[in-house]
Every structure is written in structure tokens, then in C-alpha cells.
Ligand SMILES: [Cu+2]
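Residue numbers (this note's numbering): 39 to 522.
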């Protein structure tokens, strides 16, 4: 279904079930919901007198921090005040496919100018988030290119550890544009070894395409970069005191980008990845965060001054990707210093003892890029097939309660943040190297590398696997599991 067809169909649907929104919301039991979200156009001030018009949650960016209690059932009314049907996805939570918020899983739409009441039991505990799950394709006003991203924290039954306070940071770019070819950082992951067969395959495909006179497929770039919706230097700094331990919950809310972050003169003690406590908390000088990944890290404030907590990329930091950290009593211009060379390695946080149990089955997946094959956009395939949005076929059938292994082979030079809905997976092998105990819902798969992850199919129904880059998922990089 292309964009026009989609709007035609969904427009009809929306028309037939428009109105009366408020009555619908109260229909179930007459009581107001625990939380309310309004999807609508908002003006957000990202810099001095620089206002952007974007679709957002409750008129703000990021959306409101939702704090839910693990295991305590909650209700949320989601009003859609726009002209386009919406899906609101509860990223990282183990909820049913009717609530999860993905059309591919047959979650009902939140109709245009309509409302849907959602009821679910939040979990697991930790740092999650919520975002739109609408197909954007070539329309940069739709999907996660706008402002439909918000942090969500599920209070654990037990105390997560010692810190003095929490700071939530949402990283997000605005004013997207298309270009032919991009400049994504590719050389920061460890292990860094390429698989020569995947490389040969990917390079041959690219060579064939370019020999046919094709240009490179479209990539997305941005003009504005923000943390919590504000460019570096605009808005309030993070005010700290010497000796304080600050727990940062950092969300990469980007539609397509991988981000990095450093705070000169300080180190991050990573305690959780994607909201899940890591077996081996470890200190690092910088963070690398794939699209939709989250990192929770404690910083001990032991170096008084005024500092820039910012992206390692000079251009992106200049365009706003940073926030000032200011010690009480400190004065002067905020200081940025690049950290020492450093590679991001999930194994640093892994268990040293654990042996992952064997799976009942290993599911092989080959990811490939068909350069500029879809009206100038790269088409993405899993095992040779681009996901068909009209038929939304089921690719893999699973039995409930069994442990499966995904062997994901990347025959492209891009890094793909791979996301599995309604589940958490354990990393078991990265580019041939073993790893155990790190639970995630998004993981960066390196260019021309293979990664293996295990998960237990404990959620009945449909679960979507996809690359979390909007541009990749919209052009085929998705697949569906059904668990019975
Ligand atoms: Cu991708």
C-alpha cells in the first residue's frame, strides 16, 4: 500500500468511527482513565524564538514522563486529535498484541479524531518509552520524524541502587531532509571484524546497482538537534553539586540516527541497558546509543565546573545535540573536550559466568539492501523478501514457552538497531564472540556482521521484529512472529 492508498483507506475508516470521542473513552466502566494522552500539533521552542510545528504528545516534546507501577494494572485514554489514524507503541513492555500499538500485529488503530482506551499491566520494571508506530515512507511529517516520543518509567518492586537523583534525557533531531548518501558513523563498535562473505555479497549488490547508472538510495539528515527538545545552551542547565551521584536515563528518540554522548572530566557507570539491569555494571568514558536504545548510567559529580554533556560529532553538537551541566557556584563558558578514543562493546556489561541454555531452534535471517530499488529509496529484505504492508504475512511460527535463537546476518554496511516487540532477548554472540546475560529489546547489529540473540516465546500472538530506523522499516525491514 502506498502513502496515497493508505490515506484513502484509513481516511474512510476514520470517518466511519469518528465521534463522539469523549463518550467512547468513558464507555468501558464510566471511570476516568489513570493517564490521558492527546496526539496533536504542537509548537515547540527548540531555541530562542525558534518554534517548530510538530505532531506531539500532550502539546510538548518530549511527551510527558509516564511513571507506572510494575504489575499494577493501568488505564490510558489516547485521543487522536489529528487527521491521520495513529498507533502508539509501548516499547519494551510485555503487553498483548492488541495493546502493543503496531498495525502489523493487528493492534486496532486510534482513529483520526477518535480515542482508544488501553488497559494493561505494566512491566517489566525499568526505563521504557512510548512512540508512534505509523508508516512514514517518503513523508517526513509522519512517524517518528515528528515529536511523538515520550519516556516511561516502570517503578520496580525493589530499590534499583544508590543515587541522589534521576535525570531523564531524550535525544531527538528535527527538520529532517532527504539526501542521496549519508554520513552515519560506522567504526565505533567492538568487536569490529567484518564477515568477508557478507561483505562480498553486499559490495557485489551495490556494484551491480551503481553499474546500472543508479544513484545511492535516499538517506535522512537533520538541521536541528536537541536534548529534551532544546538545543545546546537553550533552556535550563542540569544543576549539580559536588559529590552528587546522578542517575541518567538516556533515550535515543531519533527516527534514524545513532547518537553518542560524553561529559568531559566524568565517567558513566552503566547500570542498565534498555531499562534492564546489566549483570556487570561498568564505567565508560562515552556512550553510544542506537536508535530506540536506552542507557541508564550513574555519574559521580566529582569535577566542578560548567561542562557540555554532548554528542561526539562536532557538527551535530554545534547544531544542538548537548546540554550544559553546571556545578553549584561554578561560572564561565561551558567546556567541551572530546573523550579518548573508545569503542562501544556490549560485552563489557555481560555476565562472566553464565552459559546461555541451548535453544530449541535457530532461525536464520539474512538482511540485505536493494539500492534505490523503490522510487529512489533503498528496499530492505529479510531472507530475500521485503515486508508487504498490504498482506502483513507471518514469517515465523513459534511455540509458547520455548527458547529460540535468531542468527541475524547483515549483508549491508549500515548498522541496524534491531528491535523485537513484546519481548526481551539475550545477546549470545556478536561477530563470533560469545556474550551472556545482557537483556535488551533493541541491539545494534554492525555492518557486515552476524549477531545471535535468544528469547523465550512467552507472549501469545503476533510480535514484530524490525530495524528501528524509520527509513529502513518503512521500506521492507520487518518480519512477523506468531506464537501459539
Ligand atoms: Cu536498519
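Note that beta-carbon positions come from the ideal geometry of N, C-alpha and C, so glycine has one too. Quick caveat, the model's predicted, so the values are computed rather than measured.
*Going by the beta-carbon positions, is the gap between residue 368 and residue 343 smaller than 8 Å?*
Walking along the chain shown from the start, residue 368 turns up at place 330. Walking along the chain shown from the start, residue 343 turns up at place 305. Contact: yes.
*Exposed or buried, what is residue 287 when buried is set at 16 or more other beta-carbons lying within 10 Å of its beta-carbon?*
Translated into positions along the chain shown, residue 287 becomes position 249. Answer is buried; the Cβ neighbour count reaches 16.
_With distance defined between alpha-carbon atoms, name the residue in 79, 294, 495 and 180 nearest to residue 508._
In the chain shown, the residue the question calls residue 508 occupies position 470. Measuring from the Cα of residue 508, the nearest candidate turns out to be 294.
*Assigned secondary structure, residue 245 (DSSP; H/G/I helix, E/B strand, else coil)*: By 1-based counting over the chain shown, the position of residue 245 is 207. Here residue 245 sits in helix by DSSP.
*CB of residue 332 within 8 Å of CB of residue 312, strictly*: Locating residue 332 in the chain shown gives position 294, where the first residue counts as 1. Locating residue 312 in the chain shown gives position 274, where the first residue counts as 1. Contact: yes.
*Closer than 7 Å: is that where the CB of residue 454 sits relative to any heavy atom of ligand 1?*
What you label residue 454 is simply residue 416 of the chain shown in a count that begins at 1. Because some heavy atom of ligand 1 lies under 7 Å away, the Cβ of residue 454 counts as near it: yes.
*beta strand (DSSP E) segment containing residue 218, residue limits*: The residue labelled residue 218 in the question sits at position 180 within the chain shown. Run containing residue 218: 203-218, per the beta strand (DSSP E) assignment.
_For residue 337 and residue 301, believed in contact at Cβ under 8 Å, the rounded distance_ = Along the chain shown, one-based indexing puts residue 301 at 263. Along the chain shown, one-based indexing puts residue 337 at 299. Rounded, the Cβ-Cβ distance is 6 Å, consistent with contact.
_Would you call the segment 453-469 in contact with the segment 478-498, where contact means no fewer than 3 C-beta pairs closer than 8 Å?_
yes
_Cβ pair count under 8 Å reaching 3, the segment 233-247 against the segment 387-401_ = no
_Heavy atom of ligand 1 within 7 Å of residue 534 beta-carbon_ = Nothing can be reported for residue 534: it is not among the residues displayed for the chain, which extend from 39 to 522.
_Let me check understanding here. Comparing Cα to Cα, which of 417, 502, 451 and 171 lies closest to residue 526?_
Residue 526 lies beyond the stretch modelled for the chain, which goes from 39 to 522, so this question has no answer here.
*Using the beta-carbon count (16 or more within 10 Å), is residue 57 buried or exposed?*
Numbered from 1 along the chain shown, position 19 holds the residue referred to as residue 57. Summary for residue 57: the model assigns pLDDT 39, below 50, so the residue's position carries little reliability, and this model does not support an answer.
_Environment of residue 519 [buried if 16+ CB atoms lie within 10 Å]_ = In the chain shown, counting from the first residue as 1, residue 519 sits at position 481. By the 10 Å Cβ count, residue 519 comes out buried.
_Quick check on the burial criterion: 16 or more other C-beta atoms within 10 angstroms. Buried or exposed for residue 501?_
Against the chain shown, residue 501 aligns to sequence position 463. Buried, because 16 or more other Cβ atoms sit within 10 Å of the Cβ of residue 501.
*asked:* Let me make sure I understand the geometry here. Which of 116, 132, 133 and 163 has the alpha-carbon closest to that of residue 125?
replied: Locating residue 125 in the chain shown gives position 87, counting from the first residue. Cα-wise, what sits closest to residue 125 is 116.
*What whole-angstrom Cβ distance do residue 572 and residue 489 have, given they're in contact under 8 Å?*
The chain is shown from 39 up to 522; residue 572 falls before or after that span and cannot be answered.
*Secondary structure at residue 313, three-state DSSP: helix, strand or coil?*
Numbered from 1 along the chain shown, position 275 holds the residue referred to as residue 313. Three-state DSSP puts residue 313 in coil, outside helix and strand.
_Nearest-angstrom beta carbon gap, residue 185 and residue 82 [assumed within contact, 8 Å]_ = Taking the first residue of the chain shown as position 1, residue 82 is located at position 44. Taking the first residue of the chain shown as position 1, residue 185 is located at position 147. That pair is a contact at about 6 Å.
*Buried or exposed: where does residue 497 fall if 16 or more other Cβ atoms within 10 Å of its Cβ makes it buried?*
What you label residue 497 is simply residue 459 of the chain shown in a count that begins at 1. Buried, because 16 or more other Cβ atoms sit within 10 Å of the Cβ of residue 497.
_Run of the alpha helix (DSSP H) containing residue 509, from where it starts to where it stops_ = Locating residue 509 in the chain shown gives position 471, counting from the first residue. From DSSP, the alpha helix (DSSP H) with residue 509 extends over 508-511.
_Below 7 Å, is the gap between the Cβ of residue 510 and the nearest heavy atom of ligand 1?_
Position 472 of the chain shown, counting from 1, holds the residue named residue 510. True, at least one ligand heavy atom lies under 7 Å from that Cβ.
_For residue 478, the residue or residues it bridges with in DSSP_ = Within the chain shown, residue 478 is the residue found at index 440, counting from 1. 463, per the DSSP bridge assignment.
*From this set, 183, 408, 109 and 70, which residue's C-alpha is nearest residue 195's C-alpha?*
Stepping through the chain shown from its first residue, residue 195 is reached at position 157. Of the listed residues, the one whose Cα sits closest to residue 195 is 109.
*What are the complete beta strand (DSSP E) segments, minimum 3 residues, inside the segment 321-387?*
325-327, 332-338, 344-348 and 360-365
*asked:* Please state whether the Cβ-Cβ distance between residue 449 and residue 219 is less than 8 Å.
replied: If you number the chain shown from 1, residue 449 lands on position 411. If you number the chain shown from 1, residue 219 lands on position 181. No, they are not a contact pair.
*For residue 510, I'd like the list of residues in its chain whose CB is within less than 7 Å of its CB, leaving aside the five on either flank, ordered along the chain.*
Position 472 of the chain shown, counted from the start, is the residue given in the question as residue 510. Excluding sequence neighbours, residue 510 sits near 418 and 454.
*asked:* My assumption, with CB atoms under 8 Å, is that residue 173 sits in contact with residue 430. Please give the rounded CB distance.
replied: As a first step, residue 173 is located in the chain shown; it is residue number 135 there, counting from the start. As a first step, residue 430 is located in the chain shown; it is residue number 392 there, counting from the start. 11 Å between Cβ atoms; not a contact.
*asked:* Quick check on this structure: which residue in 272, 264 and 133 has the alpha carbon closest to the alpha carbon of residue 372?
replied: Indexing the chain shown from 1 puts residue 372 at position 334. Of 272, 264 and 133, the residue nearest in Cα terms is 272.
*asked:* One question on the structure: do residue 175 and residue 410 come within less than 8 Å of each other, judged by their Cβ atoms?
replied: In the chain shown, the residue the question calls residue 175 occupies position 137. In the chain shown, the residue the question calls residue 410 occupies position 372. Not in contact: residue 175 and residue 410 (Cβ atoms no closer than 8 Å).
*If you measure from the CB of residue 403, is any heavy atom of ligand 1 nearer than 7 Å?*
Position 365 of the chain shown, counted from the first residue, corresponds to residue 403. Residue 403: no, Cβ never under 7 Å from ligand 1.
*Look at the alpha carbon of residue 132 and the alpha carbon of residue 370, and state the distance between them as a whole number of angstroms.*
Locating residue 132 in the chain shown gives position 94, counting from the first residue. Locating residue 370 in the chain shown gives position 332, counting from the first residue. Each residue's Cα considered, the two are about 47 Å apart.
_My output table needs one value for residue 228: the three-state DSSP class, helix, strand or coil._
Position 190 of the chain shown holds residue 228. Correct three-state label for residue 228: coil.
*Endpoints, beta strand (DSSP E) assigned at residue 517*: Working through the chain shown from its first residue, we reach residue 517 at position 479. First-last of the beta strand (DSSP E) with residue 517: 516-521.
*Hey, residue 77 and residue 119 are a contact pair by Cβ (cut 8 Å); roughly how many whole angstroms apart?*
Numbered from its first residue, the chain shown carries residue 77 at position 39. Numbered from its first residue, the chain shown carries residue 119 at position 81. So it is a contact: roughly 6 Å between Cβ atoms.
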